[in-house]
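Asker: For the first sequence, the tail end lands on 251 under the working numbering, and the numbers increase by one without skipping.
We put the beta carbon where it would ideally sit given N, CA and C, even for glycine.
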Amino acid sequence: MVYNKGMPELPEVEVLRRELTPVLVGQRILEAHIADPHLGVPKGVLEGKTILALERLGKYLLFPFEEGGCLVVHLGMTGQLEVTKENAPRKHERARFVLSSGTHLSFIDPRRFGKISLLDAKETLQRKLGIDPYSPDFTFSRFQALLEGRKRLKDFLLDQRNLAGIGNIYASEILFWARLHPRRSINSLSLEEQERLFKSIRKVLDEAIAAKGTTIRDFRRPGGESGGFQNLLSVYGKTECPRCKGPVVREVLSSRSTYFCPQCQPLA
DNA sequence: ATAGGCCTGACG
DNA sequence: CGTCAGGCCTAT
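Spelled out as structure tokens, the structure:
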């Protein structure tokens, strides 16, 4: 079974969490092989631990242990998690865990931007991150409070200290649905525009999760299928606006590609 | 607010 | 060859 995203934002990590849960919960780690010394996991601490659940915070996947503490995985740009029965190491494999069921969990990451670490508690990570859009804290009034003092709209969405989980693709998609220009300044938003933005966040993320994530490269689902949201993207990587049929513009903001329809998302 | 660095592969 | 890529951190 291959669980390969490769464009891991919140929806992709959530799909991963859901699909890995039945395979991993209750499993004991028999062996942990950390091939990449880059990954800061001390030797010998994972063996014998039992995975209690799979949780997600923003783009982080957490494996809390029955014995306390948790393993944290961040996929970076190209990280993948694969469950396999085979013992042969995969290309770009950075870590491998042998589980009590006999299956192996392998962490594959060509560009090595991904991270594996060990945490005392979920709260340690939570303190570094803003509100997860699927936590009970994600209310309109909390959202409004986050907007206070912030500047450019797209930067706000990408900063994980505000909201945790939105990346470059979904930022463009959310702003399209909210009909807001990526360079709009936050303090210029009307109440109605704030509400549109708030609702667009969950709408886009919900649909992306329902479609099993976005596959722009070579993502394979467990049965060999791809995720489906790449077929539902409105502006990211597009040239024509699905709403007004006008041209979609690509603009570089904070050295990241940003797509929007200047007609439907006016700056003024 | 922006550029650069971390890495490697894919593509022109 | 050169350019680009969905993340994130640090330094100007």
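(1) Less than 8 Å between the CB atoms is what I'm expecting for Ala154 and Ile114, so what's the real figure, rounded?
(2) Below 8 Å, how does it come out for the region 19 to 33 and the region 77 to 95: are there three or more Cβ pairs, yes or no?
(3) Can you say whether Asp201 is buried or exposed, counting buried as having 16 or more other CB atoms within 10 angstroms of its CB?
(4) Buried or exposed: which applies to Leu174, given that a residue is buried once 16 or more other Cβ atoms fall within 10 Å of its Cβ?
(5) DSSP three-state call for Lys98: helix, strand or coil?
(6) When the Cα atoms are used, what is the spatial distance from Val235 to Phe243?
(7) Would Pro(-6) and Gly150 be called neighbours here (beta carbons separated by less than 7 Å)?
(8) Alpha carbon to alpha carbon, what distance is there between Phe80 and Lys98?
(9) For a test of the three-state rule: what should DSSP assign to Arg179, helix, strand or coil?
(10) Looking only at C-alpha atoms, which of Ala36, Gly41 and Glu178 sits nearest to Glu50?
(11) Quick one: using the 10 Å Cβ neighbour count with 16 as the cut-off for buried, is Leu(-1) buried or exposed?
(12) Counting only runs that start and end within the region 34 to 78, where is the beta strand (DSSP E) found for 3 or more residues in a row?
(13) If you reduce the DSSP assignment to three classes, tell me which class Ser89 lands in.
(14) I'd like the list of long-range same chain contacts for Thr61, defined as Cβ closer than 6 Å, with 5 residues on each side in sequence excluded.
(15) Who are the near neighbours of Val187 in its chain, counting only those whose CB is closer than 7 Å to its CB and skipping five residues on each side?
(16) In terms of alpha-carbon separation, which member of Arg239, Cys53, Gln248 and Thr4 lies closest to Pro225?
(17) I need the straight-line Cα distance from Pro5 to Val66, nearest angstrom please.
(18) How is the alpha helix (DSSP H) around Ile12 delimited, first residue to last?
(19) Residues in the same chain with beta-carbon distance under 8 Å from Leu141, minus the five sequence neighbours each way, listed in chain order, please.
(20) Is the separation between the beta-carbon of Gln109 and that of Gly41 shorter than 7 Å?
(21) For Gly207, I'd like the list of residues in its chain whose CB is within less than 7 Å of its CB, leaving aside the five on either flank, ordered along the chain.
(22) When DSSP labels each residue in this structure, what does Val231 get in the three-state scheme?
(23) Whole angstroms are fine: how far does the CA of Thr33 sit from the CA of Cys53?
(24) Using a Cβ-Cβ cutoff of less than 8 Å, which residues in the same chain neighbour Ser217 once the five nearest sequence positions on both sides are dropped?
(25) For Val28, does the count of other Cβ atoms within 10 angstroms reach 16, so buried, or fall short, so exposed?
(26) So is Pro165 buried or exposed if we call it buried at 16+ other beta carbons inside 10 Å?
Answerer: Reading from the atomic positions:
(1) About 16 Å; that fails the 8 Å criterion.
(2) yes
(3) Interpretation of Asp201 is limited by its pLDDT of 44, a score under 50 that renders its predicted location unreliable; no figure is taken from the coordinates.
(4) exposed
(5) strand
(6) 11 Å
(7) With contacts defined by Cβ atoms closer than 7 Å, Pro(-6) and Gly150 do not form a contacting pair.
(8) 15 Å
(9) helix
(10) Ala36
(11) buried
(12) Within the region 34 to 78, the complete beta strand (DSSP E) runs of at least 3 residues are 38 to 40, 43 to 47, 53 to 57 and 63 to 67.
(13) Three-state result, Ser89: strand.
(14) Gly(-11), Asp92, Pro93 and Arg94
(15) Tyr153, Glu156, Ile157 and Trp160
(16) Gln248
(17) Rounded to whole angstroms, Pro5 to Val66 spans 12 Å at the Cα level.
(18) Run containing Ile12: none in the alpha helix (DSSP H); it sits in the beta strand (DSSP E), Ile12 to Ile17.
(19) Ile149, Gly150, Asn151, Ala154, Ser237 and Arg239
(20) no
(21) Confidence at Gly207 is low in this model, with a pLDDT of 44, below 50, so the placement of that residue should be treated as unreliable; the coordinate-derived value is given next. No residues qualify anywhere along the chain.
(22) coil
(23) 10 Å
(24) Glu156, Phe159, Trp160, Cys224, Pro225 and Arg226
(25) exposed
(26) Per the 10 Å Cβ criterion, buried.
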